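Asks: First the structure, which I've put down as structure tokens, then a few questions once you've had a look.
In this note's numbering, the protein residues as written are 62 to 341.
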């Protein structure tokens, strides 16, 4: 995630599309996070007792959340209903009842801009619901790679996505103009025999490094072998296996409408705080 303006490229979006195309054939062998996120979104949506006649899902990995949704993606790799770039949605203003997304917005260069586009595309009282990888994701892998690179090369190259945390996501929803924002998260801890199996899964998901400022020179085997050793030493489960953490943040916000609850205006409370403190 980045709040950088559009003229600053944090993620190489062309490389993103290429890598997703490359993994499409075997994606179902590595899609456990997307399946889990999809089920969580279905559950959250079921708790909202209303219909969404016109709904768009952004991001095709993991399949449709509902057969009634129109599926959009930045490439035709996973057979979406239409092609759209999450950074330039080109959706008609005030046309949608629901926009939903499953683990597809964490590598957008201008996430505040994308959220603003989504809010504008919603009808008044329309709903935005999404999952996104959060700041605790892969902290063990980040730690092992950083330790290895500092030890062997004396410096760092960006190798893991800069994920947002819950506070940042909540602030971005408010900044984009959403009403009644709600943000929560879950952390999934996955057991692997070693770091290279984890990296194999990440490549299979289409989640390998697409940071524009990454070191494009050939790294060599030594750095990753040392990182795997450090990972096993510092983040092991006591039985020779390692743990990888994935934080998934769920965000919900409504396009403003006059019928929605609003916070009280300053000075409108029936009892002043000074009176409460005096009584206590």
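Just so you know, even glycine gets a beta-carbon here, dropped at the ideal spot from N, CA and C.
In this text, all values refer to a predicted model and were calculated from it rather than measured experimentally.
Say whether the segment 104-114 touches the segment 84-91, bearing in mind that this needs 3 or more beta-carbon pairs closer than 8 Å, one atom from each stretch.
Replies: no
Asks: Are the Cβ atoms of residue 239 and residue 166 separated by less than 9 Å?
Replies: Within the chain shown, the letter at position 178 stands for residue 239. Within the chain shown, the letter at position 105 stands for residue 166. The Cβ atoms of residue 239 and residue 166 lie no closer than 9 Å to each other.
Asks: If we ignore side chains and look at the alpha-carbon of each, how far apart do residue 141 and residue 134 end up?
Replies: Stepping through the chain shown from its first residue, residue 141 is reached at position 80. Stepping through the chain shown from its first residue, residue 134 is reached at position 73. Whole-angstrom Cα-Cα distance: 6 Å.
Asks: Check this for me: beta carbons of residue 267 and residue 122, under 9 Å apart or not?
Replies: Translated into the one-based positions of the chain shown, residue 267 becomes position 206. Translated into the one-based positions of the chain shown, residue 122 becomes position 61. In this structure, residue 267 places its C-beta atom within 9 Å of the C-beta atom of residue 122.
Asks: Can you tell me whether residue 116 is helix, strand or coil according to DSSP?
Replies: Here residue 116 corresponds to residue number 55 of the chain shown, with the count starting at 1. The answer is strand: DSSP assigns residue 116 an E or B state.
Asks: Evaluate the contact criterion for the segment 289-302 versus the segment 176-190: three or more CB pairs, one atom per stretch, below 8 Å.
Replies: no
Asks: Kindly say whether residue 129, judged by its beta-carbon, lies nearer than 9 Å to any beta-carbon of chain D.
Replies: In the structure shown, chain D does not exist; there is a single protein chain.
Asks: Contact between the segment 302-314 and the segment 224-236: three or more CB pairs below 8 Å?
Replies: Remark: three or more beta-carbon pairs, one from each stretch, lie closer than 8 Å, so the segment 302-314 and the segment 224-236 are flagged as touching.
Asks: Which value, in whole angstroms, describes the spacing of the CA atoms of residue 244 and residue 171?
Replies: If you number the chain shown from 1, residue 244 lands on position 183. If you number the chain shown from 1, residue 171 lands on position 110. So the two alpha carbons sit approximately 19 Å from each other.
Asks: Between residue 125 and residue 118, which are expected to be in contact by the criterion C-beta below 8 Å, what is the C-beta distance as a whole number of angstroms?
Replies: Within the chain shown, residue 125 is the residue found at index 64, counting from 1. Within the chain shown, residue 118 is the residue found at index 57, counting from 1. Their Cβ separation, rounded to whole angstroms, is 6 Å, which keeps residue 125 and residue 118 in contact under 8 Å.
Asks: So, for residue 194: in the same chain, excluding its five sequence neighbours on each side, which residues have a beta-carbon less than 8 Å away from its beta-carbon?
Replies: In the chain shown, counting from the first residue as 1, residue 194 sits at position 133. Take residue 194, set aside five residues on each side of it, and the residues of its chain with a beta-carbon closer than 8 Å to its own are 164, 167, 222, 224, 307, 308, 309 and 310, in chain order.
Asks: How far does the beta strand (DSSP E) with residue 258 in it extend, from its first residue to its last?
Replies: What you label residue 258 is simply residue 197 of the chain shown in a count that begins at 1. Element bounds for residue 258: not the beta strand (DSSP E) but the alpha helix (DSSP H), 256-266.
Asks: Indicate the three-state DSSP secondary structure (helix, strand or coil) for residue 212 in the structure shown.
Replies: Residue numbering aside, residue 212 sits at position 151 when the chain shown is read from its first letter. Annotated three-state conformation of residue 212 is helix, per DSSP.
Asks: Where do the ends of the alpha helix (DSSP H) carrying residue 84 lie?
Replies: Start at 1 with the first residue of the chain shown, and residue 84 comes out as number 23. Segment 74-84, the alpha helix (DSSP H) holding residue 84.
Asks: Report back the beta-carbon spacing between residue 289 and residue 255 to the nearest angstrom; my notes put them in contact at under 8 Å.
Replies: For the purposes of this step, residue 289 is taken as residue 228 along the chain shown, with counting starting at 1. For the purposes of this step, residue 255 is taken as residue 194 along the chain shown, with counting starting at 1. So it is a contact: roughly 6 Å between Cβ atoms.
Asks: Going by DSSP in three states, residue 135 sits in which element: helix, strand or coil?
Replies: The residue labelled residue 135 in the question sits at position 74 within the chain shown. In this structure, residue 135 counts as coil in the three-state DSSP scheme.
Asks: What is the rounded straight-line gap between the Cα of residue 261 and the Cα of residue 182?
Replies: Residue mapping note: residue 261 aligns to position 200 of the chain shown, counting from 1. Residue mapping note: residue 182 aligns to position 121 of the chain shown, counting from 1. Taking the straight line joining both Cα atoms gives about 37 Å.
Asks: Under the criterion of a Cβ to heavy atom distance below 8 Å, does residue 312 qualify as lining the ligand PLP?
Replies: As for the ligand PLP, it is missing from this structure, which has no ligand bound.
Asks: Measure the alpha-carbon distance for residue 76 versus residue 322 and round it to whole angstroms.
Replies: Within the chain shown, the letter at position 15 stands for residue 76. Within the chain shown, the letter at position 261 stands for residue 322. If you take the alpha carbons of residue 76 and residue 322, they lie about 43 Å apart.
Asks: List the endpoints of the continuous beta strand (DSSP E) containing residue 304.
Replies: Here residue 304 refers to the residue found at position 243 when the chain shown is read from its first residue. Taken as a continuous stretch (DSSP letters only), the beta strand (DSSP E) holding residue 304 covers 303-315.
Asks: Comparing alpha-carbon positions, which option in 73, 101 and 138 lies nearest residue 83?
Replies: Your numbering for residue 83 matches position 22 in the chain shown. Closest by alpha carbon: 138.
Asks: When DSSP labels each residue in this structure, what does residue 168 get in the three-state scheme?
Replies: Against the chain shown, residue 168 aligns to sequence position 107. Secondary structure of residue 168 (DSSP, three-state): coil.
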